[in-house]
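Only one structure is covered here, and it is reproduced in the block below.
There are 2 protein chains.
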Amino acid sequence: MTELGLRRVPRQSRRDHVVEILREAITSGRLKPGERLIEVDLSRELGTSRAPVREALRQLEQEGLVASYPYRGSEVLGVSQDEVEQVLVPIRITLERFAFSRALGRLDEDDIEKLQAIVVEMEEAARLGATERLADADIAFHELIIVCSEQRHCLQLWKTIQPRVRAYFRRDAPAHDDPLSVARQHQELLDVIKIGDEAAVLDAIDRHIHIHLAPKALADEG
Amino acid sequence: MTELGLRRVPRQSRRDHVVEILREAITSGRLKPGERLIEVDLSRELGTSRAPVREALRQLEQEGLVASYPYRGSEVLGVSQDEVEQVLVPIRITLERFAFSRALGRLDEDDIEKLQAIVVEMEEAARLGATERLADADIAFHELIIVCSEQRHCLQLWKTIQPRVRAYFRRDAPAHDDPLSVARQHQELLDVIKIGDEAAVLDAIDRHIHIHLAPKALADEG
DNA sequence: GCATAGTCGATTGTCGACAGTCGTCCGTCG
DNA sequence: CGACGGACGACTGTCGACAATCGACTATGC
Numbered sequence: 009m010t011e012l013g014l015r016r017v018p019r020q021s022r023r024d025h026v027v028e029i030l031r032e033a034i035t036s037g038r039l040k041p042g043e044r045l046i047e048v049d050l051s052r053e054l055g056t057s058r059a060p061v062r063e064a065l066r067q068l069e070q071e072g073l074v075a076s077y078p079y080r081g082s083e084v085l086g087v088s089q090d091e092v093e094q095v096l097v098p099i100r101i102t103l104e105r106f107a108f109s110r111a112l113g114r115l116d117e118d119d120i121e122k123l124q125a126i127v128v129e130m131e132e133a134a135r136l137g138a139t140e141r142l143a144d145a146d147i148a149f150h151e152l153i154i155v156c157s158e159q160r161h162c163l164q165l166w167k168t169i170q171p172r173v174r175a176y177f178r179r180d181a182p183a184h185d186d187p188l189s190v191a192r193q194h195q196e197l198l199d200v201i202k203i204g205d206e207a208a209v210l211d212a213i214d215r216h217i218h219i220h221l222a223p224k225a226l227a228d229e230g
Numbered sequence: 009m010t011e012l013g014l015r016r017v018p019r020q021s022r023r024d025h026v027v028e029i030l031r032e033a034i035t036s037g038r039l040k041p042g043e044r045l046i047e048v049d050l051s052r053e054l055g056t057s058r059a060p061v062r063e064a065l066r067q068l069e070q071e072g073l074v075a076s077y078p079y080r081g082s083e084v085l086g087v088s089q090d091e092v093e094q095v096l097v098p099i100r101i102t103l104e105r106f107a108f109s110r111a112l113g114r115l116d117e118d119d120i121e122k123l124q125a126i127v128v129e130m131e132e133a134a135r136l137g138a139t140e141r142l143a144d145a146d147i148a149f150h151e152l153i154i155v156c157s158e159q160r161h162c163l164q165l166w167k168t169i170q171p172r173v174r175a176y177f178r179r180d181a182p183a184h185d186d187p188l189s190v191a192r193q194h195q196e197l198l199d200v201i202k203i204g205d206e207a208a209v210l211d212a213i214d215r216h217i218h219i220h221l222a223p224k225a226l227a228d229e230g
């Protein structure tokens with residue numbers, strides 16, 4: 009009848025659905041580190057069978073949000089500041105330097121427009137004090153460029169660390185004294201991208217990502 | 009009777025078994041890029057049901073060895089030289105710099121002995137021209153140190169890229185004019201580790217991993 | 001002859017049931 | 001009183017069957 013071709017269509021598999029629900033719950037902090045994840049309970053709550061839940065837990069395990077032990081279940085993991093500084097930030101720099109330089113030649117006007125829209129979204133979120141929206145827009149900005157780079161394995165590695173990057177964005181977002189600065193920084197990054205000078209872009213990314221380091225870590229880096 | 013408590017015990021889940029078989033087949037090149045992986049066929053060949061096979065394929069997908077498309081199946085992926093140089097090598101450097109510096113204080117005599125044993129294994133494999141054994145020993149050396157660093161997420165990221173690192177080790181191994189040099193380089197690295205000077209170790213790792221770059225890439229890096 | 005819609009086989013996505021494993025609790029024995 | 005061991009409950013690992021989806025092929029109309 010009125011159902012236009014997508015009646016009960018999942019359009020996204022139940023597994024993906026479960027992954028999203030759980031990832032959201034973990035990165036937002038609603039599920040806390042150490043909490044147990046029991047397959048039957050989850051499947052009941054989500055109105056599905058255990059098979060999709062199991063596969064979802066495996067994926068979250070790969071993403072480092074969950075740890076699981078044979079025959080003994082799964083638990084939620086946290087993201088330490090130490091990991092952010094020592095692993096995630098350097099990996100992001102490696103990954104994004106590569107992705108950004110590849111993306112430079114491929115970004116068309118449409119892409120630039122989308123990036124600009126994300127910056128606008130940031131400004132709006134910042135004004136409203138919507139820290140989660142701000143963090144998600146931040147993720148979206150970086151992910152869009154990685155997607156545009158059309159480097160399959162780069163995107164795959166990004167997907168592996170992205171949930172944890174999101175987790176620390178969200179955790180740290182409320183601490184910003186000036187949320188608008190996030191939007192401003194991305195605007196500057198975008199401006200450099202528009203100009204298209206590779207060296208300048210790489211330099212801008214380095215500085216942009218380094219912002220996430222705590223003062224002490226910055227001192228360590230020199 | 010004689011069965012000493014581990015009769016039919018899997019001791020490793022069927023899923024892990026399937027993962028290992030397929031990973032081995034892909035990294036060794038027995039399964040070629042583009043080849044299709046059909047769940048029922050695999051489950052029949054491996055004498056198991058589809059559930060473990062499905063979960064194994066998901067894991068290999070996370071590792072970047074396999075790509076899968078909803079309702080349309082999975083296929084084997086390759087590892088390009090471009091990815092090695094632009095992504096895997098830099099990521100390895102980031103990861104291993106961190107892991108090695110963390111491991112330095114934790115390596116006990118037992119660990120050093122194991123590392124030494126791996127170098128001996130390399131020498132033996134090199135003399136026999138056993139290129140796959142040589143590549144696997146190379147992997148084992150680096151992985152042991154990452155394990156000793158006791159950085160959970162570091163290990164998790166390593167597990168994500170390790171299969172592709174193995175793939176390019178195995179692919180490139182036969183091309184070495186002097187297989188023994190691999191053992192020699194690791195011996196030198198191990199010697200520096202024994203001394204325990206962090207800066208020297210980090211420097212040695214950089215150079216060690218950079219070896220995998222083709223001459224052209226090296227020129228690019230300056 | 002060509003475009004379009006319907007059908008079919010192959011393959012994946014999901015389900016409910018059962019088997020295997022682990023930690024715990026309780027009773028027994030020294 | 002503590003160590004040992006077997007039974008129990010909770011949960012994960014695996015299975016075989018069914019539903020949903022896709023691409024290719026075929027038939028139909030123009």
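Residue numbers (this note's numbering), protein chains in the order written: chain A, 9 to 230; chain B, 9 to 230. Glycine is no exception: its CB is placed at the ideal position from the N, C-alpha and C atoms.
From the DSSP output, in three-state form, read off residue i for me.
i      : result
A/V84  : strand
A/L45  : strand
A/G13  : At A/G13, the pLDDT of 32 sits below 50, so the modelled position is not reliable and the matter cannot be decided from this model.
B/S51  : helix
B/S189 : helix
B/R22  : helix
B/D214 : helix
Check whether the Cβ atoms of residue i and residue j sit closer than 8 Å, and answer yes or no.
i      : j      : result
B/V173 : B/L50  : no
A/V87  : A/M130 : no
B/E206 : B/S109 : yes
A/S157 : A/R105 : no
B/E47  : A/E63  : no
B/F177 : B/D146 : yes
B/P187 : B/A143 : no
A/L65  : A/I34  : no
A/D126 : A/L152 : First, the residue type needs correcting, since residue 126 of chain A is Ile and not Asp in the sequence shown. Yes, Cβ-Cβ distance for A/I126 and A/L152 is below 8 Å.
B/D180 : B/I101 : no
B/P60  : B/R31  : no
A/Q70  : A/T168 : yes
B/V4   : B/H220 : Residue 4 of chain B falls outside the range modelled here, since chain B spans only 9 to 230, and no answer is possible.
Looking at C-alpha atoms only, which residue of the options is the closest neighbour of residue i?
i      : options                          : result
A/L112 : A/Q164, A/E129 and A/Q159        : A/Q159
B/A107 : B/E43, B/V74, B/V209 and B/L54   : B/V209
A/I217 : A/Q164, A/G204 and A/L103        : A/L103
A/E53  : A/R66, A/Q20, A/V26 and A/G37    : A/V26
A/S36  : A/Q67, A/I203, A/P182 and A/E132 : A/P182
B/Q193 : B/Q124, B/Y79, B/E140 and B/I154 : B/Q124
B/P201 : B/H150, B/S76, B/L68 and B/H161  : For the record, residue 201 of chain B in the displayed sequence is Ile; it is not Pro. For the residues B/H150, B/S76, B/L68 and B/H161, the minimum Cα distance to B/I201 belongs to B/H150.
B/D24  : A/Q20, A/P78 and A/D24           : A/P78
B/P98  : B/Q20, B/I203, B/G204 and B/W166 : B/W166
B/T56  : B/V155, B/I29, B/A212 and B/R38  : B/I29
A/Q94  : B/I203, B/Q20 and B/H161         : B/H161
B/V155 : B/V128, B/E132 and B/K122        : B/K122
Practice task
Could you tell me which uninterrupted alpha helix (DSSP H) segments, each at least 4 residues in length, are contained entirely in the stretch 101-185 of chain B, listed from first to last along the chain?
Solution key: Entirely contained in the stretch 101-185 of chain B, the alpha helix (DSSP H) runs reaching 4 residues are, in chain order, 117-136, 139-157 and 160-180.
Practice task
Answer yes if the stretch 167-181 of chain A comes into contact with the stretch 113-120 of chain A, meaning at least three C-beta pairs across the two stretches below 8 Å, and no otherwise.
Solution key: Verdict: no, contact absent.
Exercise for the section: Please determine if the stretch 42-56 of chain B and the stretch 76-91 of chain B are in contact, where contact requires at least 3 C-beta pairs separated by less than 8 Å. Expected result: Because the criterion of three Cβ pairs below 8 Å is met, the stretch 42-56 of chain B and the stretch 76-91 of chain B touch.
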